[in-house]
Each structure stands twice: as structure tokens, then as C-alpha cells.
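See below for the structure under consideration.
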Amino acid sequence: MKILTLAMQVPDSRAALKISPGGKSLETRDLKLICNPFDEFAVEQAVQLKEQRSDVEEIVVATIGAEKPNQAIRTALAMGADRGIQLCDDIFSGQDEILLAEALAAAIRLQETTFDLILCGKQAIDTDSGEFGPALAEFLDLPHVGAVVKLDISEDGTSLRAHRRIEGAEEIVECPLPALITCEKGLIEPRYPSLPNLMKAKKKPLQILAASDLPEPGCLTPGLQLLELTPPAPRPPCTFIEGPPEKMARELVKRLRDEAKVI
Amino acid sequence: MSANILIFIEQRSGRIVPASRQIFAVAQELSLKTGGKIHAVIAGEGIGNLTDEITPLQPDSIHVADHPELRFYRAQPYAQALCAAIKTSEAQTILFATTSLSRDLAPRLAARLKAAIATDCLEVSTENGELRIRRPMYCAKCVGTFSLATDRVQILTIRPNAYPTPVPQAGTSATIQSLDVAFSDHDLALKVVDVVSTSEGVRDVTEADIIVSGGRSLQSKENFSMLYEMAETLGAAVGASRAAVDAGFQPPSRQVGLTGKIVSPRLYLAFGIDGAIQHLAGMRGSKVIVAINTKAEAPIFSVATYGCVADLFTLAPLLTEEFRNLNGSN
Ligand SMILES: Cc1cc2nc3c(=O)[nH]c(=O)nc-3n(C[C@H](O)[C@H](O)[C@H](O)COP(=O)(O)OP(=O)(O)OC[C@H]3O[C@@H](n4cnc5c(N)ncnc54)[C@H](O)[C@@H]3O)c2cc1C
């Protein structure tokens with residue numbers, strides 16, 4: 000079995016963001032970039048499958064973006080992926096995940112390997128859109144299971160059974176391989192790559208491709224154009240309710256009813 | 000391309016998802032500007048009678064994909080059904096409510112149609128014939144304004160509660176059309192074996208108007224019963240911070256935040272939640288936020304509408320009592 004995982008580089012969720020003058024991008028200087036946390040679930044799942052089963056031959060990690068040094072690929076290789084594919088080009092700097100998925104699908108088709116299982120994160124925490132996985136599955140003409148919190152691969156490696164999280168329930172689905180899975184929080188806890196493994200990761204094979212290496216550069220011009228980034232609308236200042244607990248409770252409920260009118 | 004609009008009406012077990020009704024507000028605004036007709040599509044098995052609930056929201060026509068293979072949601076058959084509806088309605092703009100279903104289906108459909116897509120929009124408008132949207136990004140630390148390409152199908156998913164449901168009109172009518180759908184074996188490769196409830200009789204946080212949420216400081220699973228009691232009084236859902244979920248006090252399905260669920264209820268009550276940026280990412284869109292925390296500097300107060308610097312173990316039972324009195328007096 001061959002497994003492909005996706006890993007995208009994103010700003011650390013803890014980072015304070017500064018919007019560039021002009022309002023169309025973020026200040027990238029001093030911005031800490033990390034592997035998308037949901038993609039870490041995907042990589043961890045792949046590595047654990049390899050550790051648990053005898054039939055996993057290879058884990059390949061792929062990424063797409065405009066920046067060359069890529070924290071996501073490094074992390075994934077250090078966690079246990081065997082080799083990397085990096086699709087890197089200025090035209091991949093945008094937020095249109097459909098375009099990115101189409102380009103990455105073309106890069107995957109270029110590989111001699113065919114993959115039995117593709118694992119990616121439920122969403123990337125920069126765009127927060129979650130479009131990438133399902134779109135990639137469509138471009139590769141594979142079934143997909145989104146938001147997976149439990150995954151079992153059949154002993155013979157030809158099918159999967161997965162639990163996916165929906166509102167107030169889990170759906171249990173079965174699907175033949177090859178298939179694409181998007182990984183939800185709760186599936187697995189990612190390991191921290193050790194320092195020696197981070198060093199070793201630097202020696203693992205990494206294929207770097209540009210848009211011009213793709214046979215079909217994609218039909219797409221971006222479907223989305225970013226006009227402006229703004230801070231979120233400020234929230235009204237907090238009204239602190241004072242007094243002893245009994246009075247506080249009464250006052251709060253009164254305000255919620257009469258002033259905010261939400262109960 | 001026509002300016003027609005197609006609304007996806009999501010139903011689960013024969014019940015229309017409330018957020019689906021809200022997007023009629025978006026469709027009506029767009030239709031006023033562009034003159035496009037409003038179509039709706041609903042998919043499932045044995046769902047024909049649900050059209051009666053949709054008609055009062057005044058679509059021009061309703062397309063019904065009623066088929067045994069559509070009983071449970073699955074991306075590929077549903078994408079097929081939607082493609083059929085898009086074809087007959089000649090719609091250029093497709094609207095979904097942001098739910099787990101649309102997060103799964105809309106991007107797959109966008110890839111199939113090479114469409115422009117924007118997920119979880121807070122606001123939709125038109126400017127010089129262009130569709131513009133605003134959506135949260137970077138853990139809700141920014142809002143991006145985007146325009147969508149006009150030379151292709153445009154797919155939008157709309158944040159629940161971003162728009163109010165239009166008032167249903169009595170005595171309206173709509174053309175009902177049944178859609179001819181056919182599926183290949185490939186479309187049906189994935190099978191839904193079972194759907195198991197994880198709600199334990201409480202509402203899901205994404206579907207509640209009021210959420211009572213607790214953090215690590217609740218200290219145990221048992222102590223959460225305090226919040227459940229309050230939630231029951233209010234008809235609310237119970238949420239939790241990641242720290243409370245990781246400690247095993249609450250199941251992962253209740254987690255609110257970046258790696259949990261994104262919610263925008265009318266009222267969010269945060270008990271002993273610090274307000275880490277990843278938690279705020281999931282709830283800062285709530286209409287009214289109440290924070291109860293012993294630490295006056297806790298970041299949760301920076302987004303709160305009302306703040307109580309207090310011990311939650313003292314205040315929560317008192318609040319439940321007050322809420323109860325309120326119900327009694329109504
Ligand atoms: C990649 C990533 C993703 C994450 N995703 C999420 C997510 O989805 N959701 C999420 O919530 N977090 C998420 N986190 C974790 C987040 O950073 C915080 O660690 C977490 O939200 C803290 O939870 P907490 O507020 O319950 O706990 P703490 O930070 O421990 O805060 C406890 C609070 O309770 C108050 N308190 C203590 N005792 C009392 C009392 N008796 N009465 C009243 N108040 C009291 C304290 O003053 C404090 O403010 C994520 C982190 C990372 C790195």
C-alpha cells in the first residue's frame with residue numbers, strides 16, 4: 000500500500016497578525032509558519048498505519064505554495080514520511096483552493112506511484128475553508144470521506160471503514176480504496192518530531208516542481224480575488240456586572256432579558 | 000449565463016436544517032439586484048412533502064431529487080443531483096448554509112464545475128455586477144473581502160445566523176419539478192453503514208441558539224452537570240474548551256474553536272474559559288457573549304458583552320435559579 004499525505008504551511012494560530020499596508024496580504028516578516036495542525040493528524044495517521052501494518056510500502060508527503068522553505072514538509076518528513084513533493088510557484092500564493100487542488104492533482108498524476116490512500120487535514124487554518132480535500136478527490140476522481148474521527152483499513156488493504164463527524168452524530172461509512180480522507184480533530188494525536196528526526200528529515204528525497212512542470216497548467220484563473228483583509232469587526236466593550244453573587248446573577252439575567260433581549 | 004440563484008435545502012431525517020431557510024434572505028437580496036429567479040433544490044428519499052415548508056419562503060421553483068440512493072448524504076450522488084438541478088435551473092449562483100454537509104459537498108461540486116467558491120461567508124453583496132463576499136480567515140483574526148469570477152458558476156456557503164430567516168408568506172406557490180437522477184457504480188462506491196447519535200439527547204452546539212460552555216476550570220466531568228442543568232433550563236447546548244475536552248470532561252463533539260466547531264449563537268455563556276485565540280476563533284461571531292471568570296484580565300473579557308469576575312461554582316447555580324424563575328414567570 001502506498002499512502003500520500005498532504006501538508007500545508009500556515010501561520011501559527013498563536014501568532015499576532017499584521018495586515019500589510021494596502022490591505023491585501025499579511026506581513027510575513029517575523030510571522031511564525033508551521034505545519035497545518037489538521038495535516039499533522041493526517042501525517043500521524045499515515046505513519047501509524049505504516050508502523051502497524053506490514054503492507055505499507057511508502058508514505059509520500061505533498062505540499063503546494065509560493066514559499067520555498069516549507070515547514071510543513073519538514074515536519075511531515077520528520078514525523079515519518081519517506082519522501083516529499085513540493086509544488087512551488089508564485090501563482091500558488093492565492094487563496095483559491097480549487098485552483099491549488101487542481102494543480103496538485105496534476106502533480107500527483109505525474110508520479111509513477113499510484114496511491115491507495117490519500118490523507119489530508121479537514122481544513123487549513125489560514126483560509127479555514129476546508130475546500131482542498133474534497134476538491135482534490137474530485138480532480139483525482141476518487142471517493143472521499145470528510146471529517147474523519149476514526150479510520151480502519153481492512154486487513155487485505157482494499158477498503159476502509161471510517162467514522163465521520165457531523166452535527167450531533169457520527170456517520171459510519173465504508174468505501175473501497177483508493178480513496179481520500181480528510182482528518183478531523185479526535186482522529187489521532189500527532190507526535191512531536193524529535194531533533195534527530197528533524198535532522199534526518201533534511202536528507203530525505205524532496206522533489207520540487209514548478210507550475211511549468213505540470214502537463215496541464217490547469218484551466219483555471221483564480222475564481223476568487225482578494226480585495227481586502229481587515230481586522231474583524233470590533234465587539235462592543237464589555238459591561239462588567241458587579242456586586243455579591245446573588246445580585247450579580249439577578250442583574251445579569253435582567254440585562255440579558257431586557258437590554259440584550261436574548262433570553 | 001443567467002443570474003438565477005439555486006438554494007440547496009438541507010434536510011436530515013426529513014427535517015429541514017434551519018440555517019437553510021436563512022439563506023433565502025441572501026437569495027432575495029441578490030435577486031432584487033440582478034433580477035435572477037430563485038430556485039431551490041432538495042435531495043433525499045421520501046422528502047416530497049417538505050416542499051410545503053419551502054414554498055412560503057417564495058422560491059420560483061423547487062427541484063426535488065427523491066431517490067433511495069439519496070437517503071443518506073454522500074458527496075458523489077448528491078453532487079450528481081445538484082448538477083442536474085443546476086442544469087435545469089440554469090443557475091449561476093448556488094447557495095448553501097455552512098454545515099458539515101456543505102463543507103463536504105460544496106468544494107467537490109466546485110471542482111466538478113470548475114466553479115468559484117467561497118466558504119462560510121458572513122456577508123454577500125453585489126458591486127458592478129460582481130459578487131462580493133466577506134469571510135473570516137486566519138482563525139477569525141481577519142476578515143477577507145473577495146470578489147468572485149463572473150465567467151463561471153459561483154458557489155457560496157453562508158455562515159448560520161449571519162442572515163435572519165425571511166418571514167414566511169402564506170398563500171404563495173412555486174413550481175415543483177422532480178429531477179431525473181441516475182448514478183454510476185462509481186458514484187455509489189461509498190456506503191453509509193450507520194449513523195450514530197453522539198448528542199446524548201442534547202442539542203449540537205452548531206444548531207443551538209444558546210450555548211453554555213465550560214473550560215478546564217470545571218475540573219471534572221461530574222461538575223459539568225451544573226452546566227447541563229442550566230442548558231436544560233434555557234433549551235441550550237453545552238460546549239467546551241479544548242482543555243476541557245482534552246481532560247476528558249466532555250466529548251470532542253462539544254469542542255468549540257479552531258479545531259472544534261465554529262458557532263454563532265444568539266447567546267454564548269463562557270464559564271471558566273480563558274479565551275485563547277483558538278477558542279475565540281470558534282465563537283467570536285456570537286451575538287451576545289457572557290464571560291464568567293475569576294481573573295479580570297482573562298482575554299475572554301475582550302470579546303464579552305457582559306462580564307462577571309466571579310467564581311463559576313458559586314455563580315452558575317445562582318444563574319440557573321434565576322433562569323428558572325424567568326421561565327416560571329413567562
Ligand atoms: C493548534 C491549536 C488548536 C487549538 N484549538 C482549540 C479549540 O478548538 N478550542 C479551544 O478551546 N482551544 C483550542 N486550543 C487550545 C487553546 O490554546 C487553550 O489552551 C484552551 O482553549 C484553554 O482552555 P481553557 O480556557 O478551558 O483553560 P485555561 O487556559 O486553563 O483557562 C482556565 C480559565 O478558567 C479561569 N478559572 C479558573 N478557576 C475558575 C473558577 N473557579 N471560576 C471561574 N473561572 C475560573 C481561569 O482564570 C482561566 O481563565 C488550540 C491550541 C492549538 C495550539
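As given, the protein sequences belong to chains A and B, one line each in that order. Residues in the first sequence are numbered from 0 upward in steps of one, following numbering that gives the first Met the number 0. Residues in the second sequence are numbered from 0 upward in steps of one, following numbering that gives the first Met the number 0. For glycine and all other residues, C-beta sits at the position ideal for the given N, C-alpha and C.
> Just how far apart, CA to CA, sit residue 141 of chain A and residue 288 of chain B?
Replying inline: 42 Å
>> Assuming the contact rule is C-beta atoms closer than 8 Å, residue 6 of chain A and residue 71 of chain A should be a hit. Round their C-beta distance to whole Å, please.
In response: With 8 Å as the limit, residue 6 of chain A and residue 71 of chain A qualify as a contact, their Cβ atoms being about 4 Å apart.
> If you measure beta-carbon to beta-carbon, which residues of the stretch 167-188 of chain A are closer than 7 Å to chain B?
Replying inline: Taking 7 Å as the Cβ-Cβ cut-off against chain B, the residues of the stretch 167-188 of chain A that qualify are 167, 168, 169, 170, 171, 172, 173, 174, 175, 184 and 185.
> In the DSSP assignment, what residue or residues form a beta bridge with residue 109 of chain B?
Replying inline: BP columns for residue 109 of chain B are empty, so no partner.
> Which bits of chain B does residue 127 of chain A rub up against, with CB to CB less than 9 Å?
Replying inline: 118, 119, 134, 135, 136, 137, 138, 139, 257, 261 and 280
> Checking contacts by CB at 8 Å: is residue 325 of chain B closer than that to chain A?
Replying inline: yes
> What distance in whole Å lies between the Cβ atoms of residue 74 of chain A and residue 121 of chain A, which are believed to be in contact at a cut-off of 8 Å?
Replying inline: That pair is no contact at about 17 Å.
> Closer than 7 Å: is that where the CB of residue 53 of chain A sits relative to any heavy atom of ligand 1?
Replying inline: no
>> I'd like to know if residue 162 of chain B contacts chain A, where contact means its C-beta is closer than 8 Å to some C-beta of that chain.
In response: no
> Does the beta carbon of residue 123 of chain B fall short of 7 Å from some heavy atom of ligand 1?
Replying inline: no
> Got a sec: does ligand 1 put a non-hydrogen atom nearer than 7 Å to the Cβ of residue 273 of chain B?
Replying inline: yes
> So what does DSSP say about residue 220 of chain A, is it helix, strand or coil?
Replying inline: It is coil, neither helix nor strand.
> Is the closest heavy atom of ligand 1 to the C-beta of residue 192 of chain A under 7 Å?
Replying inline: no
>> I'd like to know if residue 145 of chain A contacts chain B, where contact means its C-beta is closer than 8 Å to some C-beta of that chain.
In response: Residue 145 of chain A belongs to the set of residues whose beta carbon lies under 8 Å from a beta carbon in chain B.
> What is the rounded straight-line gap between the Cα of residue 229 of chain A and the Cα of residue 123 of chain B?
Replying inline: The straight-line gap separating the alpha-carbon atoms of residue 229 of chain A and residue 123 of chain B is approximately 16 Å.
> Is the shortest distance between the beta-carbon of residue 262 of chain A and the beta-carbons of chain B less than 8 Å?
Replying inline: Answer yes: the Cβ-Cβ gap between residue 262 of chain A and chain B drops below 8 Å somewhere.
>> I want to verify the contact list: residues of chain A whose CB lies under 9 Å from the CB of residue 286 of chain B, in sequence order.
In response: 259 and 261, listed in chain order.
> At a CB-CB cut-off below 7 Å, which residues of chain A make contact with residue 203 of chain B?
Replying inline: 166 and 167
> Alpha carbon to alpha carbon, how far is residue 139 of chain A from residue 118 of chain B?
Replying inline: 22 Å
> residue 238 of chain A versus chain B: which residues are under 8 Å apart at the beta carbon?
Replying inline: Result: 304, 305 and 306.
>> Less than 8 Å between CB atoms is the rule here; does residue 224 of chain A satisfy it with respect to chain B?
In response: yes
>> I want to check one thing, is the minimum distance from the CB of residue 190 of chain B to the heavy atoms of ligand 1 below 7 Å?
In response: no
> Who does residue 305 of chain B pair with in a DSSP beta bridge?
Replying inline: Answer is A:238 and B:289, bridged to residue 305 of chain B.
> Taking the alpha-carbon positions, what's the residue 169 of chain A to residue 203 of chain B distance?
Replying inline: Between residue 169 of chain A and residue 203 of chain B, the C-alpha separation is close to 12 Å.
>> Under 7 Å, CB to CB, which of the residues in the stretch 172-195 of chain B have a partner in chain A?
In response: 188, 189, 190, 191, 192, 193, 194 and 195
>> Please report the straight-line C-alpha distance between residue 252 of chain B and residue 25 of chain A, rounded to a whole angstrom.
In response: 32 Å
> On the three-state DSSP scale, how would you describe residue 129 of chain B?
Replying inline: strand
>> Using C-beta distances below 7 Å, list every residue in its chain close to residue 52 of chain B, excluding the 5 sequence neighbours before and after it, in chain order.
In response: 15
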